[in-house]
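**Q** Numbers given in the working numbering equal positions in the sequence shown, counted from 1, plus 934.
For every residue, glycine included, the Cβ atom is placed at its ideal position computed from N, Cα and C.
Bear in mind the structure is a predicted one, so any value in this text is a computation, not a measurement.
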Amino acid sequence: MSETVIGIPQSFADAKINAERYADMYARSINEPDAFWADEAKRLDWYKEPTKISDVSFAKDDLHIRWFEDGELNVSYNCIDRHLPERAGKVALIWEGDNPAFHHSITYAQLHNHVCRFANELKKIGVKKGDRVTLYMPMIPEAAYAMLACTRIGAVHSVVFGGFSPDALAGRINDCQSEFVVTADQGVRGNKGVPLKANVDKALEQAPDVKAVLCIRHTGAQVPWVEGRDFWHHDLALEVDAKCEPEPMKAEDPLFILYTSGSTGKPKGVLHTTGGYLVWASMTHEYTFDHREDDVFWCTADVGWVTGHTYIVYGPLANGATSLMYEGVPTWPGPDRCWRIVAKHKVTTIYTAPTAIRALMREGDEPVSKHDRSSLRLLGSVGEPINPEAWRWYHEVVGDKRCPIVDTWWQTETGGHLITPLPGAHELKPGSASFPMFGVQPALVDTEGNLLPDEGAQEGNLVLLGSWPGQMRTVYGDHQRFVETYFSTYENMYFTGDGARRDADGYWWITGRVDDVLNVSGHRLGTAEIESALVAHELVAEAAVVGYPHDLKGQGIYCYVTLVAGLEPTEETEKTLKAHVRQEIGPVATPDVIQFSPGLPKTRSGKIMRRILRKIAEGEYDKLGDISTLADPGVVEDLIEGHKIST
Ligand code: ATP
Ligand code: MG
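Structure follows, in structure tokens:
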């Protein structure tokens, strides 16, 4: 395929980080890391400025990661109080309800008031510094208040996505021995109620240690109530003071626990700490999105995912930005909802996931083009490799070719962006996550763990050679799992679990999870590449590719394909698609099997769960493993029914 390179638009000529500055800062971040990070730490207000900057070892038997160790700070103070002298009247949060008629704005002064009261309510129900508080919330401002209130008093929040079942919720409450739950009567998505409080009650049957539940009245629905255990937020708010002094915390005190999406197995309780995480959240939000004072920043993730933590709440608020929080789904009440929101709130930056982009692309161009998008200046992507086809649509149709796209590669474990273009510094290649963030040292290893040369085009497993402040510190309650998962595959390196290639120009391309790489007749093929070729075909809406044992080739290529709405597959379609992939990538990539399917198994955060597709392709229906984090477990049965025995 011929390579497209998209230049830096004039509108980013005065960006904070241009090419020269990126090169200087990157070099300094690697050559004089402690001096670099001592300076970056100044972006926060500290009660006690750190003098010990880093103390890190990735050695398996002496693993430790400490940043800004002797510093003291408070996260809510940094996200709210310190902005008050200059930004008291500035909008901190714009809330857009599921129902387009409902929306309101919260200024920094109002946020301060809400969070202080909320913090006092938490104290009143018995929450103390160091306690774990589980938040099971809809996308309403109170979710942010609750998170910030925890940080104000030094409690550790664990946000569980509001779409999870009572079982999944109970498992996560018990895993971190949380005695407090914050929830709402109901959530609303696409005009349908989500019974959050009722789910909490069910979950608590299996989580007997929970002492108190704080409930927000959102829809006003009737909900079950346990006297003495359950408290209404609006009742307690009347009883508490509006003043709450922030608790000074040590930089390495735990800030939050967050369970990973579970694409590859049992979710891990990722623990992030206070100082390093907030420096990372603030720095990456500022540089990646070239943050400007009058931006309206819209990250479409749910606060139940790390993207929502870092880029709805902590990064933007630490920087005094205006962050938009949307309650509903992208296509309700119509396929143009997202673009309606952009026009209504004059959004400058959208940050979303490839799965959402592909779904919106399916709706065609008209829902986009009929709305005014002149406020947009930057677009972002996160969560999966973005297919060049979806990239181009996002760039050309959504962004009118004016707006750069930052394709940000990172993980729950990394706290924030690790590899991403900076819009004022880098020309873009569609599908490439481009260059490392300051302080990040990506490298490639072969399967034996040998480092590949750091020059020229290379492909292998992606590792990180040193630490960065936003790195997770442990798996909560299971440090051994932390050591095993990330530091045991290769010595003295953090193993990401992802494969990547670096091209001759030094651009990084994430090829997908290492488990997903195929070996067909001795050729290593990334599933992402084959999927992108399929999605590039006009008949195809979405595709997932896995390997299965093949007598001759070692592995065969099994493709699950969803056609664009309204199309019925024929034998002809199958032939056409096989020929198309062959043409695009080469004969070695020709699919062996194509199974047409109206849906694919996805995690609640919208990622395709290939491990399940692999088991189905192999015919091992009884070995699907944990499917509790699937958005719609029903698709699994359809897929098993449609399984084609390979020929
Ligand atoms: P689990 O670790 O429980 O299996 P998960 O890996 O899906 O779940 P996340 O931390 O939400 O949990 O996702 C991180 C992963 O998402 C990365 O390791 C990578 O595979 C993928 N990813 C994220 N952003 C990008 C991107 N821009 N390009 C390619 N892949 C990405
Ligand atoms: Mg992962």
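By DSSP, does His1360 sit in helix, in strand, or in coil?
**A** If DSSP states are grouped into helix, strand and coil, His1360 belongs with coil.
**Q** Pro1072: buried (16+ other C-beta within 10 angstroms of its C-beta) or exposed?
**A** Answer is buried; the Cβ neighbour count reaches 16.
**Q** Examine the ligand MG and report whether any of its heavy atoms sits within less than 8 Å of the Cβ of Gln1375.
**A** Because no heavy atom of the ligand MG lies under 8 Å away, the Cβ of Gln1375 does not count as near it: no.
**Q** Examine the ligand ATP and report whether any of its heavy atoms sits within less than 8 Å of the Cβ of Ile1574.
**A** The answer is no for Ile1574.
**Q** Sorted by chain position, which residues of the same chain lie with C-beta nearer than 8 Å to Ser1466's C-beta, five sequence neighbours on each side aside?
**A** Around Ser1466: Pro1319, Asn1321, Pro1322, Glu1323 and Gly1365.
**Q** What first and last residue would you give for the beta strand (DSSP E) that runs through Val1316?
**A** Note, Val1316: beta strand (DSSP E), Leu1312 to Val1316.
**Q** In its own chain, which residues sit with a C-beta less than 7 Å from the C-beta of Ala1137, not counting the 5 before and 5 after it?
**A** For Ala1137, where only same-chain residues beyond five positions count, the Cβ hits under 7 Å are Pro1100, Leu1103, Ala1104 and Ile1107.
**Q** Helix, strand or coil, according to DSSP, for Pro1387 in the structure here?
**A** Coil.
**Q** Below 6 Å CB to CB, which residues in the same chain sit around Trp1327 once its five sequence neighbours on both sides are set aside?
**A** Answer for Trp1327: Met1295, listed in chain order.
**Q** Just the Cα atoms here: how many angstroms apart are Tyr960 and Met1371?
**A** Approximately 8 Å between the Cα atoms of the pair.
**Q** Going by DSSP, which residues form a beta bridge with His1091?
**A** Paired residue(s): Val1067 and Phe1190.
**Q** Between Thr1581 and Glu1506, what straight-line distance do the alpha-carbon atoms span, to the nearest angstrom?
**A** Low confidence applies to Thr1581: its pLDDT is 46, below 50, so where it sits in the model is not reliable, and the reading given next is rough at best. Between Thr1581 and Glu1506, the C-alpha separation is close to 18 Å.
**Q** Tell me whether Pro1322 sits in a helix, a strand or coil according to DSSP, three-state version.
**A** If DSSP states are grouped into helix, strand and coil, Pro1322 belongs with the helices.
**Q** Give the range of the beta strand (DSSP E) segment to which Glu1476 is assigned.
**A** Residues Val1474 to His1484.
**Q** What residue from Cys1149, Lys1541 and Leu1027 has the CA that sits closest to Ala1462's CA?
**A** Residue Lys1541 is the option with its Cα nearest to Ala1462.
**Q** When burial is assigned at 16 or more other CB atoms within 10 Å of the CB, is Asn1384 buried or exposed?
**A** Looking at its Cβ environment, which holds fewer than 16 other Cβ atoms inside 10 Å, Asn1384 is exposed.
**Q** Straight-line CA distance for Leu1399 to Tyr1420?
**A** Cα-Cα distance, rounded: 12 Å.
**Q** Look up Thr1581 in the DSSP assignment and say whether it is helix, strand or coil.
**A** Reliability fails at Thr1581, whose pLDDT of 46 lies under 50, so the model's placement of it is uncertain and no value is given.
**Q** Might you give, ordered along the chain, the residues of its own chain that have their beta carbon closer than 7 Å to the beta carbon of Leu1468, omitting 5 neighbours on each side?
**A** Excluding positions up to five away in sequence, the list reads Val1474, Ala1477, Cys1493, Val1495, Leu1511 and Val1515.
**Q** Beta carbon of Ala947, beta carbon of Gly1314: below 9 Å?
**A** Not in contact: Ala947 and Gly1314 (Cβ atoms no closer than 9 Å).
**Q** Write down every uninterrupted run of the beta strand (DSSP E) in the region 1117–1158 whose length is 3 residues or greater and which is fully enclosed by it, in chain order.
**A** 1121–1123, 1126–1128 and 1146–1150, all fully within the region 1117–1158.
**Q** DSSP three-state call for Asn1033: helix, strand or coil?
**A** Coil, per DSSP.
**Q** Measuring only from the beta carbon, is Thr1198 closer than 8 Å to any heavy atom that is part of the ligand MG?
**A** Yes; taking the cut-off as 8 Å, the Cβ of Thr1198 has a heavy atom of the ligand MG nearer than that.
**Q** Tell me, to the nearest whole angstrom, how far the beta carbon of Ser1112 is from that of Leu1192; I am working on the premise that it is less than 8 Å.
**A** Not a contact, Cβ separation roughly 13 Å.
**Q** Looking at the structure shown, is Asp1432 part of a helix, part of a strand, or coil, going by DSSP?
**A** Reduced to three states, the DSSP call for Asp1432 is strand.
**Q** I'd like the span of the beta strand (DSSP E) that includes Gly1203, first residue to last.
**A** Element bounds for Gly1203: Gly1203 to Thr1207.
**Q** What are the residues that DSSP puts in a beta bridge with Ser988?
**A** DSSP, once it has assigned bridges, lists Trp1001 as partnering Ser988.
**Q** Please report how far the alpha carbon of Met935 lies from the alpha carbon of Glu1518, in whole angstroms.
**A** In this predicted model, Met935 has a pLDDT of only 47, less than 50, meaning its place in the structure is not dependable; the value taken from the coordinates is given anyway. Using only the alpha carbons, I get a separation of about 7 Å.
**Q** Looking at His1037: is its Cβ nearer than 9 Å to the Cβ of Trp1029?
**A** Yes, these two residues count as a Cβ contact at 9 Å.
**Q** Between which two residues does the alpha helix (DSSP H) carrying Tyr1420 extend?
**A** His1413 to Phe1421 is the span of the alpha helix (DSSP H), which, as asked, contains Tyr1420.
**Q** Please give me, in chain order, every unbroken run of the beta strand (DSSP E) with length at least 3 that falls completely inside the region 1329–1361.
**A** Qualifying beta strand (DSSP E) stretches, in chain order: 1339–1342.
**Q** Under a Cβ-count criterion, where at least 16 other Cβ atoms within 10 Å of its own Cβ denotes burial, should Gly941 be classed as buried or exposed?
**A** Label assigned to Gly941: exposed.
**Q** Taking C-alpha atoms, which residue in His1046, Pro984 and Phe1190 lies nearest to Pro1019?
**A** It is His1046 whose Cα lies nearest to the Cα of Pro1019.
**Q** From this set, Glu966, Asp1032 and Ala1499, which residue's C-alpha is nearest Glu1472's C-alpha?
**A** Minimum Cα distance to Glu1472 is reached at Ala1499.
**Q** What separation, rounded to the nearest whole angstrom, lies between the Cα atoms of Trp1344 and Pro1355?
**A** Each residue's alpha carbon lies about 13 Å from the other.
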